[in-house]
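Mind the numbering: the sequence shown is residues -18 to 224 in my numbering, read in order. All residues carry an ideal CB built from backbone N, CA and C; glycine is no exception. Predicted, not measured: the structure shown is a model, and the values here were computed from it. Encoded as structure tokens, the structure appears first; notes follow it.
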Amino acid sequence: MPQNLWNDQEFAQLPDLDGLVYRSNLLGRDRAVVNIFGGNTSAKLLLTDHTGKQVRVLAVKASGSDILTIKERGFALLRLDEIDPLFEREAMTDEEMVAYLNRTAFETDRPRQSIETLLHAFVPGKHVDHTHPDAVISIACAPDAEAEARKVYGDRMAFVPYIRPGFTLSKWIGQKVVDNPNIECVVMGKHGLVTWAEDPKTCYENSIRIVGEAEEYVASARKGKRDFGDLKTQPLSKTERDA
């Protein structure tokens, strides 16, 4: 079961970006929650630009970073006021999306944003976690994944079928959250989990709790069963193997 490692004393007085680093590193400490180089985290912040103007900024994990070891410079910073209008579009190619997002950089000397950046922008929550937990993926890869996920989360979740990461997946997820403001998470078919909150501690604790529910369900379903089923073919005897 994932452990809640949040420490209020460690988090206290951390600047916004360092608080995002703290939350991300905690998630990464359990590889059953976040696999190596997998998943991404974000926070919607208010930062001061070079002119002294306050700007709404999306801080999102950059491509190639590992959540366990990521530092402040591992996050891309993008201008949210320039990203928000994309939610009204019906479609966007990967090339169009990447080129557009590159032009929204708040600081141009940071690494490139994740391909799943718009997922974080379109989910209304101030803090968003996208993870690939083992237990959630085992449910999300089941033949009737949505029905299985409903056994765990009921009406507290939305489900989206598998589609390659990009604009369409991000729009689907964002629309689900907008249309269902009382849900706690989105389960992504054959992919992973999205959780969110208005403050970093609640976001982290939501992720840990929701993953824990999936782990409990999987453990209960496995009880008394072989992971790989029974033998279908009897093995050869030693004499036959040595012949």
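Cβ pair H108, D180 closer than 8 Å:
Locating residue 108 in the sequence shown gives position 127, where the first residue counts as 1. Locating residue 180 in the sequence shown gives position 199, where the first residue counts as 1. In contact: H108 and D180 (Cβ atoms closer than 8 Å).
Quick one: any contact between the stretch 134 to 146 and the stretch 55 to 63, if contact means 3 or more CB pairs under 8 Å?
Proximity of the stretch 134 to 146 to the stretch 55 to 63 falls short of the contact definition, fewer than three beta-carbon pairs being nearer than 8 Å.
Measure how close the beta-carbons of A43 and R93 come, nearest whole angstrom, since I'm counting them as under 8 Å.
Walking along the sequence shown from the start, residue 43 turns up at place 62. Walking along the sequence shown from the start, residue 93 turns up at place 112. In this structure, A43 and R93 form a Cβ contact; the two beta carbons are roughly 6 Å apart against a cut-off of 8 Å.
Starting from L61, follow the alpha helix (DSSP H) in both directions and report where the run begins and ends.
Numbered from its first residue, the sequence shown carries residue 61 at position 80. L61 to I64 is the span of the alpha helix (DSSP H), which, as asked, contains L61.
Who are the near neighbours of M227 in its chain, counting only those whose CB is closer than 8 Å to its CB and skipping five residues on each side?
The chain is shown only over -18 to 224; residue 227 falls outside these bounds and no answer can be derived.
Using C-beta distances below 7 Å, list every residue in its chain close to I154, excluding the 5 sequence neighbours before and after it, in chain order.
Position 173 of the sequence shown, counting from 1, holds the residue named residue 154. Excluding residues within five positions, the ones whose Cβ falls inside 7 Å are L100, F103, V104, V141, V167 and V175.
Count the CB pairs spanning the stretch -12 to 4 and the stretch 114 to 127 that are closer than 8 Å, and state whether there are at least three.
Fewer than three pairs of CB atoms, one per stretch, sit closer than 8 Å, so the stretch -12 to 4 makes no contact with the stretch 114 to 127.
For a minimum of 4 consecutive residues, which ranges assigned as the alpha helix (DSSP H) are wholly contained in the stretch 121 to 145?
Correct list: 126 to 134.
Within 8 Å, strictly: CB atoms of Q35 and L26:
As a first step, residue 35 must be located in the sequence shown, where it is residue number 54. As a first step, residue 26 must be located in the sequence shown, where it is residue number 45. Not a contact, by the Cβ cut-off of 8 Å.
What residue range does the beta strand (DSSP E) around L28 cover?
Locating residue 28 in the sequence shown gives position 47, where the first residue counts as 1. N21 to T29 is the extent of the beta strand (DSSP E) around L28.
Return the CA-CA distance between S95 and G9, expressed in angstroms with no decimal places.
Walking along the sequence shown from the start, residue 95 turns up at place 114. Walking along the sequence shown from the start, residue 9 turns up at place 28. Between S95 and G9, the C-alpha separation is close to 17 Å.
How many angstroms separate the CA atom of A72 from the CA atom of L217?
As a working note, residue 72 is residue 91 in the sequence shown. As a working note, residue 217 is residue 236 in the sequence shown. If you draw a straight line from the Cα of A72 to the Cα of L217, it comes to about 57 Å.
Contacting residues, own chain, Cβ-Cβ under 6 Å from A24 (five flanking each side not counted)
As a first step, residue 24 is located in the sequence shown; it is residue number 43 there, counting from the start. Answer for A24: L1, A40 and H108, listed in chain order.
Looking at the strands, I want to know which residues DSSP matches up with T176.
As a working mapping, residue 176 is identified with position 195 in the sequence shown. DSSP lists D110 and C166 as the beta-bridge partner residues of T176.
Bridge partners - V36, DSSP secondary structure assignment:
Indexing the sequence shown from 1 puts residue 36 at position 55. Residue pairing by DSSP puts V36 in a beta bridge opposite L28.
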